[in-house]
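Residue numbers (full-length UniProt numbering), protein chains in the order written: chain U, 1 to 220; chain C, 1 to 512. Structure, as structure tokens:
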Amino acid sequence: MAAGGTGGNGGKTYSFKVVLLGEGCVGKTSLVLRYCENKFNDKHITTLQASFLTKKLNITGKRVNLAIWDTAGQERFHALGPIYYRDSNGAILVYDITDEDSFQKVKNWVKELRKMLGNEICLCIVGNKIDLDKDRHVSVEEAESYAESVGAKHYHTSAKISKGIEELFLDLCKRMMDTAQAEERLKGNGASQSASGRRGVQIVDDEPQATPAGGCCSSG
Amino acid sequence: MSQRTERRRGIHVDQSDLLCKKGCGYYGNAAWQGLCSKCWREEYQRVRQKQIQDDWALAEKLQREEEAAYASSQGAQTQSHSQSTPPQTGHASLGPFSKFEEKKTNEKTRKVTTVKKFFSPSSRTPPKKETQEAKTPSPSVSRHASFETEQVSKDFVDFLKNLQKPGREIHKQCRAFIVNMSSKKELGADELSECVQDFYQNMSDRLMSHFKGSSDSVEQVMDQVEKYIMTRLYKSVFCPEITDDEKKDLATQDRIRALHWVTIQMLCVSMDEEIPEVSDNVLKAITNIIEMDSKRVPRDKLACITRCSKHIFSAIRITKKEPASADDFLPSLIYIVLKANPPRIQSNIQYITRFCNPSRLMTGEDGYYFTNLCCAVAFIEKLDAQSLNLSAEEFERYMSGQASPRISSSEADWPHAGPTPAVTATNPVLTQLNHNLELLSGLSSRQESLMAAARSLQADLQAWPERVQREVHSILEKYPLEVMSCTASAIDANNMDNDNLPSPLTPQVFAG
Chain U
1 MAAGGTGGNG
11 GKTYSFKVVL
21 LGEGCVGKTS
31 LVLRYCENKF
41 NDKHITTLQA
51 SFLTKKLNIT
61 GKRVNLAIWD
71 TAGQERFHAL
81 GPIYYRDSNG
91 AILVYDITDE
101 DSFQKVKNWV
111 KELRKMLGNE
121 ICLCIVGNKI
131 DLDKDRHVSV
141 EEAESYAESV
151 GAKHYHTSAK
161 ISKGIEELFL
171 DLCKRMMDTA
181 QAEERLKGNG
191 ASQSASGRRG
201 VQIVDDEPQA
211 TPAGGCCSSG
Chain C
1 MSQRTERRRG
11 IHVDQSDLLC
21 KKGCGYYGNA
31 AWQGLCSKCW
41 REEYQRVRQK
51 QIQDDWALAE
61 KLQREEEAAY
71 ASSQGAQTQS
81 HSQSTPPQTG
91 HASLGPFSKF
101 EEKKTNEKTR
111 KVTTVKKFFS
121 PSSRTPPKKE
131 TQEAKTPSPS
141 VSRHASFETE
151 QVSKDFVDFL
161 KNLQKPGREI
171 HKQCRAFIVN
181 MSSKKELGAD
191 ELSECVQDFY
201 QNMSDRLMSH
211 FKGSSDSVEQ
221 VMDQVEKYIM
231 TRLYKSVFCP
241 EITDDEKKDL
251 ATQDRIRALH
261 WVTIQMLCVS
271 MDEEIPEVSD
281 NVLKAITNII
291 EMDSKRVPRD
301 KLACITRCSK
311 HIFSAIRITK
321 KEPASADDFL
331 PSLIYIVLKA
341 NPPRIQSNIQ
351 YITRFCNPSR
361 LMTGEDGYYF
371 TNLCCAVAFI
381 EKLDAQSLNL
391 SAEEFERYMS
401 GQASPRISSS
411 EADWPHAGPT
421 PAVTATNPVL
431 TQLNHNLELL
441 SGLSSRQESL
451 MAAARSLQAD
461 LQAWPERVQR
471 EVHSILEKYP
481 LEVMSCTASA
491 IDANNMDNDN
501 LPSPLTPQVF
511 AG
């Protein structure tokens, strides 16, 4: 697990942090387990935990280390969101297509993420459980038009029948790489390295102020 | 610092005694005459300024006197040579005076540090003779050295030996940095953090160009660098007096104590402590999180959090038989923190965020667990009735200690509580205890019946030979031994055919 910084100029390795957000029971965990272990509700799942998983990818010759951070989806932990998603490059917002409420939660998350992190973060809105299409309560058009309106991509997945998951992550990685490259160009090649390193530090310094603020806003 | 120790030792001190004498609302310190650091500095500056002014005034007065004396004695030219010096001594007296002032300052600050040292936890290991530190130019650095720092210096030097020339360079830089940092004691925590982070950044940039982008070796060296400098700087930058970390620590500690009634069911934790393996893991997790405070290097502290998390995952895995998701993990971690009430948790979190190598904290697995710990502490700070699915009145009653949740909430919240819901809901340890007691009483009753059976067996055994003997006797009596008389006869007495037999053969004798 060499989560080395985005260093080195030639054989560049990208390290991305992706947070998984969504209500409990929408299948966040199943989604990552399917992606990282290719297993679903399996008794033979070897990992001890499914809350922090890593995946190494090679996209067009570039190495990508993906760290996937699961978050607690219960309502009572909602206020803790900012602590989880600060510094993340991407967010996967999962809802259950048979559960209208879970889609509303996604909308809340999007608002919050855009407010706190701006446009730097790549958002993916994911309608999970499409194997239960007959019980669908969130219409495809509604979800897709909403995603477009907030600058996010929409995907349909099923962890159970393993559908759409590879595409989701691959797409997200590509978008994050684009964002990272754009950022680099913006800052100039020489300064990029130290700039990306410093970014983390500065946000750490902000933490004491940022945390209570986020808590108050979302709970009030 | 001193007031913390006082609390820890259980000496009762009134809150108002601890506050700054100037009434600014911050805590004061006996070493600073009961003022807080800020007021003390102001006060001290004022006094010092006044002293300097007084010195000047005195010096000027002396000079004027001398000049007057000189003027009056101008007639006597012979003495002028010897007298012309006093004005200079007047001026010169400034020197000694300010020197004296300086000395006093030094003495005062030293006093503060000795008081600090007296209370600081590692004062048990007195500074030893140091071979390496002896060379350091700043005495204040070497003064803080203890056995641990000596050890870490040695390890660091050993590690750098493999790197040869760049190793020496790294060592030189680290040493210079530590000396530099020790002169910056007055800085705020954020500035200190900035300094250390800048140092990490510069160091890793340089290493990156040296190792030509091999991030693994850079990381290896950076880990050692972090270990070295943070062990050396630990005392001056962990929970510094300028910040209110300590106040937060105490607040969190009290908060967790006040929340002692929170049960595993209220948090919806998916760990079943009745399974021995699970409770074993829970205990280990608690031990690990408490152990964190004893480590000096941010990375070691992180490792404690990671070990704690791994034990929680094991516990969840055993209970649920599937890998733990964040939905399970965070409540469990909160539960562990509540149970452990880890010492100086806020200071530790702040220390790690300020001084850990960011590459480790931001993306790695350790970083994830650390983030979860931050979340757990934030949750505990803000915890209210809603977050435990309680009504506001209930929450108030529990918080004020008027009621305890053992009976009221147990049936409603936990349907599968088993035969003794009231006890189960209160405390898993109690449950276990009760369970064990039941087992024990069952065992003892079984043992009693076993003993009874054994005793009856013994009685049976003792009775048996008697019975047998009696039977034998009765039989013997019933059938007494009759000895029949019989006439003995030769073998062939009854043989009738004796007469018909031929006469026995007689041996024939041959003469020689």
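Beta carbons: idealized from backbone N, C-alpha and C, even for Gly.
>> If I measure Cβ to Cβ from U/Phe40 and keep anything under 8 angstroms in the same chain, skipping five residues before and after, which residues do I get?
In response: On the first sequence, position 40 is the one that residue 40 of chain U refers to. Here the set comprises Ser30, Leu33, Arg34, Ala159, Lys160 and Ser162.
>> Give me the residue from U/Leu172, U/Glu184, U/Ala180 and U/Met177 with the minimum Cα distance to U/Ile92.
In response: Position 92 of the first sequence holds residue 92 of chain U. Of the listed residues, the one whose Cα sits closest to U/Ile92 is U/Leu172.
>> So U/Asp70 contacts chain C; which residues on that side make the cut at Cβ distance below 7 angstroms?
In response: As a position in the first sequence, residue 70 of chain U is number 70, starting the count at 1. Result: Ser325 and Ala326.
> Taking Cβ positions only, does U/Thr179 come closer than 8 angstroms to chain C?
Replying inline: Start at 1 with the first residue of the first sequence, and residue 179 of chain U comes out as number 179. Chain C contact via Cβ: absent.
> Looking only at C-alpha atoms, which of C/Ala71, C/Leu440, C/Val377 and C/Arg175 sits nearest to C/Val196?
Replying inline: Your numbering for residue 196 of chain C matches position 196 in the second sequence. Comparing Cα positions, the closest option is C/Arg175.
>> Just to confirm my understanding: we take C/Asn348, look at its own chain, exclude 5 residues before and 5 after, and list those with CB closer than 8 angstroms. What are they?
In response: Sequence index remark: in the second sequence, residue 348 of chain C carries index 348 (1-based). So the list reads Met292, Asp293, Lys301 and Pro342, once near-sequence residues are dropped.
>> Give me the subset of the stretch 355-380 of chain C whose CB atoms are less than 7 angstroms from a CB atom of chain U, sorted by chain position.
In response: Pro358, Ser359, Met362, Thr363, Gly364, Glu365, Tyr368, Thr371, Cys374, Cys375, Ala378 and Phe379
> Counting only beta-carbon atoms, is U/Thr157 nearer than 8 angstroms to chain C?
Replying inline: Along the first sequence, read from residue 1 onward, the residue named residue 157 of chain U stands at position 157. No, U/Thr157 lies away from the interface with chain C (no Cβ there is under 8 angstroms from its Cβ).
> Under 7 angstroms Cβ-Cβ, which residues of chain U neighbour C/Leu330?
Replying inline: To locate residue 330 of chain C, count along the second sequence from 1; it is residue 330. Ordered by position in chain U, the residues that pass the 7 angstroms Cβ test against C/Leu330 are Ala72 and Phe77.
> So, is the C-beta of C/Arg317 closer than 8 angstroms to a C-beta in chain U?
Replying inline: In the second sequence, the residue the question calls residue 317 of chain C occupies position 317. C/Arg317 counts as touching chain U.
>> Does the CB of C/Phe313 have a neighbour CB from chain U at under 8 angstroms?
In response: The sequence position of residue 313 of chain C within the second sequence is 313, counting from 1. At least one chain U Cβ lies under 8 angstroms of C/Phe313.
>> I'd like the list of long-range same chain contacts for residue 519 of chain C, defined as Cβ closer than 8 angstroms, with 5 residues on each side in sequence excluded.
In response: There is no way to answer for residue 519 of chain C, as the model of chain C reaches only from 1 to 512.
> Going by other Cβ atoms of all chains shown within 10 Å of its Cβ, with 16 needed for buried, is U/Gly90 buried or exposed?
Replying inline: Walking along the first sequence from the start, residue 90 of chain U turns up at place 90. When all chains shown are included, U/Gly90 counts as buried.
> Hey, would you say U/Ser88 sits closer than 8 angstroms to U/Lys17, going by beta carbons?
Replying inline: Numbered from its first residue, the first sequence carries residue 88 of chain U at position 88. Numbered from its first residue, the first sequence carries residue 17 of chain U at position 17. Yes, the Cβ-Cβ distance between U/Ser88 and U/Lys17 is below 8 angstroms.
>> I'd like the list of long-range same chain contacts for C/Cys239, defined as Cβ closer than 6 angstroms, with 5 residues on each side in sequence excluded.
In response: Here residue 239 of chain C refers to the residue found at position 239 of the second sequence. Counting only Cβ-Cβ distances below 6 angstroms, and skipping sequence neighbours, we find Asp245, Glu246 and Ser347.
> Start and end of the beta strand (DSSP E) containing U/Asn58?
Replying inline: Locating residue 58 of chain U in the first sequence gives position 58, counting from the first residue. Unbroken beta strand (DSSP E) run through U/Asn58: Phe52 to Ile59.
>> Could you tell me the alpha carbon to alpha carbon distance between C/Met451 and C/Leu457, rounded to whole angstroms?
In response: By one-based count along the second sequence, residue 451 of chain C stands at place 451. By one-based count along the second sequence, residue 457 of chain C stands at place 457. A straight-line Cα-Cα distance of about 10 angstroms links C/Met451 and C/Leu457.
> With a CB to CB cut of under 7 angstroms and the five nearest residues on each side skipped, what residues in its chain are close to U/Cys122?
Replying inline: As a working mapping, residue 122 of chain U is identified with position 122 in the first sequence. Cβ within range, chain order: Asn89, Gly90, Leu172, Arg175, Met176 and Thr179.
>> If you reduce the DSSP assignment to three classes, tell me which class U/Ala159 lands in.
In response: As a first step, residue 159 of chain U is located in the first sequence; it is residue number 159 there, counting from the start. Note: U/Ala159 maps to coil in three-state DSSP.
>> Is there a C-beta anywhere in chain C that falls below 8 angstroms from the one on U/Gln49?
In response: Taking the first residue of the first sequence as 1, we reach residue 49 of chain U at position 49. Using a Cβ-Cβ cut-off of 8 angstroms, U/Gln49 counts as an interface residue toward chain C, since at least one Cβ of chain C sits closer than that to its own.
> The beta strand (DSSP E) with C/Lys227 in it runs from where to where?
Replying inline: Residue 227 of chain C sits at position 227 when you count from the first residue of the second sequence. From DSSP, C/Lys227 is part of no beta strand (DSSP E) but of the alpha helix (DSSP H) over Ser215 to Val237.
> If you count every other CB in all the chains shown that lies within 10 Å of the CB of C/Asp249, and 16 or more means buried, which is it?
Replying inline: In the second sequence, residue 249 of chain C corresponds to position 249, counting from 1. Buried is the call here.
>> Output needed in chain order: residues of the stretch 160-178 of chain C with a Cβ under 8 angstroms from some Cβ in chain U.
In response: none
>> Give me, in chain order, the residues of the same chain whose beta-carbon lies closer than 7 angstroms to that of U/Ser51; leave out the 5 immediate sequence neighbours on both sides.
In response: Counted from its first residue, the first sequence places residue 51 of chain U at position 51. Excluding positions up to five away in sequence, the list reads Asp70.
> So what's U/Asn65 in DSSP terms, helix, strand or just coil?
Replying inline: As a first step, residue 65 of chain U must be located in the first sequence, where it is residue number 65. Of the three classes helix, strand and coil, the one that applies to U/Asn65 here is strand, per DSSP.
> In chain order, which continuous runs of the alpha helix (DSSP H) of length 4 or greater are located wholly inside the stretch 138-193 of chain C?
Replying inline: Correct list: 139-143, 147-161 and 165-182.
> When you compare only the Cα positions, how much space is there between C/Thr113 and C/Lys185?
Replying inline: Within the second sequence, residue 113 of chain C is the residue found at index 113, counting from 1. Within the second sequence, residue 185 of chain C is the residue found at index 185, counting from 1. With a pLDDT of only 44 at C/Thr113, under the threshold of 50, the placement of this residue in the model should not be trusted; the figure read from the coordinates follows. Rounded to whole angstroms, C/Thr113 to C/Lys185 spans 11 angstroms at the Cα level.
>> Can you list, in chain order, the residues of its chain with a C-beta nearer than 8 angstroms to that of C/Lys161? Leave out the 5 residues immediately preceding and following it.
In response: As a position in the second sequence, residue 161 of chain C is number 161, starting the count at 1. Hits under 8 angstroms: Gly167.
> Taking the DSSP output, what are the residues bridged to residue 577 of chain C?
Replying inline: A question about residue 577 of chain C goes unanswered here, because the residues of chain C that appear run from 1 up to 512.
> How about C/Glu273: is its C-beta nearer than 8 angstroms to some C-beta of chain U?
Replying inline: On the second sequence, residue 273 of chain C is found 273 positions in, with the first residue counted as 1. C/Glu273 does not count as touching chain U.
> How would you list, in chain order, the residues of chain U whose beta-carbon sits under 7 angstroms from the beta-carbon of C/Ser387?
Replying inline: Counting from one through the second sequence, the residue named residue 387 of chain C turns up at place 387. Here the neighbours are Arg76.
>> So that I know if they touch, is there some Cβ in chain U lying closer than 8 angstroms to that of C/Ile345?
In response: Position 345 of the second sequence, counting from 1, holds the residue named residue 345 of chain C. No, no contact with chain U.
> Within 10 angstroms of its Cβ, does U/Glu23 collect 16 or more other Cβ (buried), or is it exposed?
Replying inline: What you label residue 23 of chain U is simply residue 23 of the first sequence in a count that begins at 1. Buried: at least 16 other Cβ atoms inside 10 Å.
> Which value, in whole angstroms, describes the spacing of the CA atoms of C/Leu338 and C/Tyr398?
Replying inline: Here residue 338 of chain C is taken as the residue at index 338 of the second sequence, counted from 1. Here residue 398 of chain C is taken as the residue at index 398 of the second sequence, counted from 1. Inter-residue distance for C/Leu338 and C/Tyr398 is about 15 angstroms (C-alpha atoms, whole angstroms).
>> Only counting the same chain, and skipping five residues up and downstream in sequence, which positions put a Cβ closer than 6 angstroms to that of C/Val269?
In response: For the purposes of this step, residue 269 of chain C is identified with residue 269 of the second sequence, where counting begins at 1. The residues are Pro331, Ser332 and Tyr335.
> Should C/Glu191 be flagged as near chain U, meaning a C-beta pair shorter than 8 angstroms?
Replying inline: Within the second sequence, the letter at position 191 stands for residue 191 of chain C. Cβ-Cβ to chain U under 8 angstroms: no for C/Glu191.
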